[in-house]
Amino acid sequence: MLRLLITLCCLLLSQTSGAVEIPIAQNLQKSYQTSGINEAHQQKVVLLLVSQPNCTYCALINAEILHPMILSGHYQNTTLFTELEINTGRQVKDFSGQSVDANAFAQRYNAWATPTLLFLNRKGEEIAEKIVGINTLDLYNYYVDKSLRLAFKKINP
(Lines of atoms letter the chains of each structure in order from A and count residues from 1; the text may use other names and numbers.)
(Lines give C-alpha, C1' and ligand atoms only; values in the text may rest on other atoms or scores of the structure.)
Protein backbone atom coordinates (compact mmCIF):
# COMPACT_ATOMS: atom_id res chain seq x y z
CA MET A 1 0.00 0.00 0.00
CA LEU A 2 2.79 2.42 0.93
CA ARG A 3 4.64 1.58 -2.28
CA LEU A 4 1.51 2.36 -4.31
CA LEU A 5 1.06 5.68 -2.51
CA ILE A 6 4.68 6.68 -3.14
CA THR A 7 4.39 5.71 -6.81
CA LEU A 8 1.22 7.76 -7.21
CA CYS A 9 2.82 10.79 -5.52
CA CYS A 10 5.88 10.57 -7.77
CA LEU A 11 3.68 10.28 -10.84
CA LEU A 12 1.62 13.30 -9.80
CA LEU A 13 4.72 15.38 -9.07
CA SER A 14 6.32 14.50 -12.38
CA GLN A 15 3.18 15.55 -14.25
CA THR A 16 2.72 18.85 -12.42
CA SER A 17 6.36 19.91 -12.55
CA GLY A 18 6.41 19.59 -16.33
CA ALA A 19 3.06 21.33 -16.76
CA VAL A 20 4.50 24.83 -16.54
CA GLU A 21 6.31 25.92 -19.65
CA ILE A 22 7.33 29.45 -20.46
CA PRO A 23 5.79 30.16 -23.85
CA ILE A 24 8.12 30.83 -26.76
CA ALA A 25 7.46 34.31 -28.14
CA GLN A 26 5.56 34.17 -31.42
CA ASN A 27 3.23 37.17 -31.35
CA LEU A 28 4.04 39.55 -28.52
CA GLN A 29 1.28 42.00 -29.43
CA LYS A 30 -1.39 39.29 -29.31
CA SER A 31 0.04 37.76 -26.13
CA TYR A 32 -0.17 41.11 -24.36
CA GLN A 33 -3.67 41.82 -25.67
CA THR A 34 -4.78 38.41 -24.41
CA SER A 35 -2.97 38.17 -21.07
CA GLY A 36 -1.28 41.49 -20.33
CA ILE A 37 -3.91 43.08 -18.11
CA ASN A 38 -4.88 41.64 -14.72
CA GLU A 39 -8.34 41.55 -13.13
CA ALA A 40 -7.69 44.88 -11.41
CA HIS A 41 -7.08 46.41 -14.87
CA GLN A 42 -3.38 46.86 -14.14
CA GLN A 43 -0.74 46.31 -16.79
CA LYS A 44 1.54 43.32 -16.40
CA VAL A 45 5.28 43.45 -16.89
CA VAL A 46 6.56 41.35 -19.78
CA LEU A 47 9.49 39.33 -18.50
CA LEU A 48 11.22 38.21 -21.70
CA LEU A 49 13.99 35.63 -21.42
CA VAL A 50 16.33 35.91 -24.40
CA SER A 51 17.78 32.44 -24.86
CA GLN A 52 19.14 30.13 -27.52
CA PRO A 53 19.21 26.39 -28.10
CA ASN A 54 21.76 24.47 -26.02
CA CYS A 55 22.27 27.38 -23.60
CA THR A 56 22.99 25.66 -20.30
CA TYR A 57 22.54 28.84 -18.27
CA CYS A 58 19.22 29.58 -19.97
CA ALA A 59 17.96 26.14 -18.96
CA LEU A 60 19.25 26.74 -15.43
CA ILE A 61 17.39 30.06 -15.12
CA ASN A 62 14.24 28.44 -16.49
CA ALA A 63 14.40 25.50 -14.09
CA GLU A 64 15.69 27.21 -10.94
CA ILE A 65 14.22 30.71 -11.17
CA LEU A 66 11.40 31.23 -13.67
CA HIS A 67 9.47 27.96 -13.34
CA PRO A 68 9.34 28.23 -9.53
CA MET A 69 8.20 31.86 -9.86
CA ILE A 70 5.33 30.78 -12.09
CA LEU A 71 4.42 27.81 -9.90
CA SER A 72 4.34 30.02 -6.79
CA GLY A 73 1.40 31.98 -8.19
CA HIS A 74 2.81 35.21 -6.73
CA TYR A 75 3.45 36.72 -10.17
CA GLN A 76 0.21 35.72 -11.85
CA ASN A 77 -1.30 39.22 -11.65
CA THR A 78 1.88 41.18 -12.32
CA THR A 79 4.01 39.34 -14.87
CA LEU A 80 3.66 37.89 -18.35
CA PHE A 81 6.47 35.36 -18.81
CA THR A 82 7.76 34.61 -22.30
CA GLU A 83 10.94 33.37 -23.97
CA LEU A 84 12.60 34.58 -27.16
CA GLU A 85 14.88 32.03 -28.80
CA ILE A 86 17.58 33.62 -30.93
CA ASN A 87 19.86 31.94 -33.48
CA THR A 88 17.03 29.73 -34.70
CA GLY A 89 15.95 31.63 -37.82
CA ARG A 90 12.49 32.16 -36.30
CA GLN A 91 10.32 35.19 -36.82
CA VAL A 92 8.42 36.92 -34.04
CA LYS A 93 5.69 39.53 -34.18
CA ASP A 94 6.74 42.46 -32.03
CA PHE A 95 4.54 44.63 -29.82
CA SER A 96 3.33 46.64 -32.83
CA GLY A 97 2.46 43.49 -34.80
CA GLN A 98 5.42 43.70 -37.19
CA SER A 99 7.09 40.42 -38.15
CA VAL A 100 10.82 40.50 -37.41
CA ASP A 101 13.65 38.01 -37.11
CA ALA A 102 14.16 36.98 -33.47
CA ASN A 103 17.82 38.02 -33.61
CA ALA A 104 16.91 41.47 -34.93
CA PHE A 105 14.29 41.82 -32.19
CA ALA A 106 16.87 40.98 -29.50
CA GLN A 107 19.33 43.44 -31.04
CA ARG A 108 16.83 46.26 -30.44
CA TYR A 109 17.59 45.79 -26.75
CA ASN A 110 21.29 45.04 -27.22
CA ALA A 111 20.53 41.53 -25.96
CA TRP A 112 23.24 39.58 -27.71
CA ALA A 113 24.32 37.44 -24.74
CA THR A 114 22.20 34.63 -23.36
CA PRO A 115 20.59 34.45 -20.99
CA THR A 116 19.28 38.00 -20.84
CA LEU A 117 16.13 39.00 -18.98
CA LEU A 118 14.24 42.00 -20.34
CA PHE A 119 11.51 43.83 -18.43
CA LEU A 120 9.14 45.42 -20.93
CA ASN A 121 5.84 47.29 -21.01
CA ARG A 122 2.98 46.77 -23.46
CA LYS A 123 4.76 48.85 -26.10
CA GLY A 124 7.97 46.85 -25.81
CA GLU A 125 9.83 49.59 -23.96
CA GLU A 126 12.34 48.63 -21.28
CA ILE A 127 10.97 49.60 -17.88
CA ALA A 128 13.70 48.11 -15.68
CA GLU A 129 17.35 47.40 -16.22
CA LYS A 130 17.93 44.16 -18.07
CA ILE A 131 19.79 41.32 -16.38
CA VAL A 132 22.55 39.89 -18.56
CA GLY A 133 24.08 36.52 -17.79
CA ILE A 134 24.17 34.93 -14.38
CA ASN A 135 26.70 35.53 -11.62
CA THR A 136 25.37 33.69 -8.64
CA LEU A 137 22.18 31.69 -8.56
CA ASP A 138 21.73 32.45 -4.85
CA LEU A 139 20.97 36.14 -5.45
CA TYR A 140 19.51 35.91 -8.94
CA ASN A 141 15.93 35.44 -7.76
CA TYR A 142 16.26 38.52 -5.55
CA TYR A 143 17.40 40.66 -8.51
CA VAL A 144 14.63 39.37 -10.76
CA ASP A 145 11.97 39.96 -8.11
CA LYS A 146 13.30 43.45 -7.37
CA SER A 147 13.28 44.36 -11.08
CA LEU A 148 9.74 43.03 -11.49
CA ARG A 149 8.46 45.03 -8.52
CA LEU A 150 10.08 48.25 -9.77
CA ALA A 151 8.81 47.70 -13.31
CA PHE A 152 5.25 46.96 -12.13
CA LYS A 153 5.19 50.15 -10.04
CA LYS A 154 6.51 52.13 -12.99
CA ILE A 155 3.66 51.11 -15.30
CA ASN A 156 1.00 51.14 -12.58
CA PRO A 157 1.68 54.30 -10.54
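If you count the sequence shown from 1, you need to add 1 to reach my numbering.
Don't be surprised by glycine CBs; every beta carbon is placed ideally from N, CA and C.
Small disclaimer: the values here were computed from a predicted structure and weren't measured.
### Query
Does the distance from the C-beta atom of Glu115 to that of Ala103 stay below 8 Å?
Within the sequence shown, the letter at position 114 stands for residue 115. Within the sequence shown, the letter at position 102 stands for residue 103. The question names Glu, but residue 115 is Thr in the sequence shown. Contact flag unset, no.
### Query
Contact check, Ile23 vs Glu65 under 8 Å by CB: the rounded distance?
As a first step, residue 23 is located in the sequence shown; it is residue number 22 there, counting from the start. As a first step, residue 65 is located in the sequence shown; it is residue number 64 there, counting from the start. Not quite, the Cβ-Cβ distance comes to about 13 Å (not below 8 Å), so this is no contact.
#### Entry: Terminal residues of the alpha helix (DSSP H) in which Val166 lies
No answer is possible for residue 166: it lies beyond the span of the chain, which begins at 2 and ends at 158.
### Task
Return the residue from the list Glu130, Leu48, Glu86, Ile128 that minimises the CA-CA distance to Ala105.
Within the sequence shown, the letter at position 104 stands for residue 105. Answer by Cα proximity: Glu86.
### Tyr58 to Gln27 span [Cα, whole Å]
Counting from one through the sequence shown, the residue named residue 58 turns up at place 57. Counting from one through the sequence shown, the residue named residue 27 turns up at place 26. Tyr58 and Gln27: Cα-Cα distance of roughly 22 Å.
### Val93 to Tyr33 span [Cα, whole Å]
The residue given as residue 93 occupies position 92 in the sequence shown. The residue given as residue 33 occupies position 32 in the sequence shown. Val93 and Tyr33: Cα-Cα distance of roughly 14 Å.
### Range covered by the beta strand (DSSP E) that runs through Phe96
In the sequence shown, counting from the first residue as 1, residue 96 sits at position 95. Element bounds for Phe96: n/a, residue is neither H nor E.
### Query
Secondary structure at Thr35, three-state DSSP: helix, strand or coil?
Within the sequence shown, the letter at position 34 stands for residue 35. Looking at Thr35 - three-state DSSP - the assignment turns out to be helix.
### Message
To the nearest angstrom, how far is the alpha carbon of Val145 from that of Ser97?
### Response
In the sequence shown, counting from the first residue as 1, residue 145 sits at position 144. In the sequence shown, counting from the first residue as 1, residue 97 sits at position 96. Rounded to whole angstroms, Val145 to Ser97 spans 26 Å at the Cα level.
### Message
Within 10 Å of its beta-carbon, does Gly37 have 16 or more other beta-carbons around it, so buried, or fewer, so exposed?
### Response
Locating residue 37 in the sequence shown gives position 36, counting from the first residue. The residue is buried, with at least 16 neighbouring Cβ atoms inside 10 Å.
#### Entry: DSSP-derived helix/strand/coil call for Glu65
Position 64 of the sequence shown, counted from the first residue, corresponds to residue 65. Three-state DSSP puts Glu65 in a helix.
### Task
Round the Cβ separation of Gln44 and Arg109 to the nearest angstrom and send it over; I've been treating them as touching at under 8 Å.
For the purposes of this step, residue 44 is taken as the residue at position 43 of the sequence shown. For the purposes of this step, residue 109 is taken as the residue at position 108 of the sequence shown. With 8 Å as the limit, Gln44 and Arg109 do not qualify as a contact, their Cβ atoms being about 20 Å apart.
### Message
Determine whether the beta carbon atoms of Leu48 and Leu149 lie at a separation below 8 Å.
### Response
Within the sequence shown, residue 48 is the residue found at index 47, counting from 1. Within the sequence shown, residue 149 is the residue found at index 148, counting from 1. In this structure, Leu149 lies closer than 8 Å to Leu48 by Cβ.
### Task
Using alpha carbons as the reference points, say which of Glu126, Val133, Ala129, Val101 lies closest to Ala112.
For the purposes of this step, residue 112 is taken as residue 111 along the sequence shown, with counting starting at 1. Residue Val133 is the option with its Cα nearest to Ala112.
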